[in-house]
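Q: Quick one: structure below, then a few questions.
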Ligand code: 5GP
């Protein structure tokens, strides 16, 4: 991966339902230097999701073709569907923008192998399991089966927290946002002063 700009890449990972998507959108709204990396997925769109905005929704056949043609920087199978980050999108964005990745621990491991990247890896956790379950149900975006799948992946997901630079407990969305904001701004300041 070529990365010779001053722009940075921020990964936000978490077990499903911790508030990551809301937070990435909030960062992008406040800082127009940031763009969210739109992933490809074979998952079916939720009612509120827009193709090309939330994800590029695609068939499994097409996704596998993209894998075979080496089009992804990383991809993973999660909850029975494929998710991946396309090289072309990242290479185009990073020329002019900082990038936010909303990807899981498997994707984070794969991106971490590119040693030349200016990458900040942040892991978000819910304060406790009860809260996580409540949020998944309240979010009301998935069927009971999907909620159960996401809830039961919690344990295997948090096992990977130590692959990250920062761990943040999302007890309060605004507080969590300010913590992420500070990490990013401090990092940007540091990397600018080094250049
Ligand atoms: P959801 O189906 O709830 O939108 O996402 C399920 C999980 O897939 C989330 O943890 C999300 O971060 C992860 N995810 C979304 N896009 C990608 C991607 O491109 N690569 C990887 N590795 N994970 C992704």
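In the numbering used here, the protein residues as written are 2 to 196.
Positions of the beta carbon are idealized from the N, C-alpha and C atoms, including for glycine.
#1: Does the Cβ of residue 127 lie closer than 8 Å to at least one heavy atom of the ligand 5GP?
#2: Return the Cβ separation of residue 18 and residue 140 in integer angstroms, given the expectation that the two are a contact with Cβ distance under 8 Å.
#3: Any contact between the segment 25–37 and the segment 155–165? By contact I mean 3 or more CB pairs, one from each, below 8 Å.
#4: Return yes when the C-beta of residue 146 is under 8 Å from any heavy atom of the ligand 5GP, and no when it is not.
#5: Nearest CA to the CA of residue 172: which residue from 85, 52, 135, 53?
#6: Note down, one range per segment and in chain order, each beta strand (DSSP E) of at least 3 residues found wholly within the segment 95–147.
#7: Candidates 185, 128, 20, 40: which alpha carbon is nearest residue 89's?
#8: Please determine, among 78, 178, 52, the residue with the shortest C-alpha to C-alpha distance to residue 23.
#9: Between residue 95 and residue 8, is the Cβ-Cβ spacing less than 9 Å?
#10: Would DSSP call residue 159 helix, strand or coil?
#11: Can you find a heavy atom of the ligand 5GP that lies under 8 Å from the Cβ of residue 115?
#12: Just how far apart, CA to CA, sit residue 153 and residue 106?
#13: Could you tell me the distance, in whole angstroms, from the CA atom of residue 60 to the CA atom of residue 43?
A: Let's see:
#1: Locating residue 127 in the chain shown gives position 126, counting from the first residue. It does not: the Cβ of residue 127 is nowhere closer than 8 Å to a heavy atom of the ligand 5GP.
#2: Locating residue 18 in the chain shown gives position 17, where the first residue counts as 1. Locating residue 140 in the chain shown gives position 139, where the first residue counts as 1. Yes, they are in contact, since the Cβ atoms of residue 18 and residue 140 sit about 6 Å apart, within 8 Å.
#3: no
#4: Walking along the chain shown from the start, residue 146 turns up at place 145. Residue 146: no, Cβ never under 8 Å from the ligand 5GP.
#5: Within the chain shown, residue 172 is the residue found at index 171, counting from 1. The shortest Cα separation from residue 172 among 85, 52, 135, 53 belongs to 135.
#6: Taken in chain order, the unbroken stretches of beta strand (DSSP E) that lie wholly in the segment 95–147 and span 3 residues or more are 99–103, 120–126.
#7: Here the question's residue 89 lines up with position 88 in the chain shown. If we check each option's Cα against that of residue 89, 40 comes out closest.
#8: Within the chain shown, numbered from 1, the residue matching residue 23 stands at position 22. Minimum Cα distance to residue 23 is reached at 178.
#9: By one-based count along the chain shown, residue 95 stands at place 94. By one-based count along the chain shown, residue 8 stands at place 7. Contact: yes.
#10: In the chain shown, counting from the first residue as 1, residue 159 sits at position 158. Three-state result, residue 159: helix.
#11: On the chain shown, position 114 is the one that residue 115 refers to. No, the ligand 5GP has no heavy atom inside 8 Å of this Cβ.
#12: Position 152 of the chain shown, counted from the start, is the residue given in the question as residue 153. Position 105 of the chain shown, counted from the start, is the residue given in the question as residue 106. In a straight line, the C-alpha of residue 153 is about 16 Å away from that of residue 106.
#13: As a working mapping, residue 60 is identified with position 59 in the chain shown. As a working mapping, residue 43 is identified with position 42 in the chain shown. One C-alpha to the other measures close to 5 Å.
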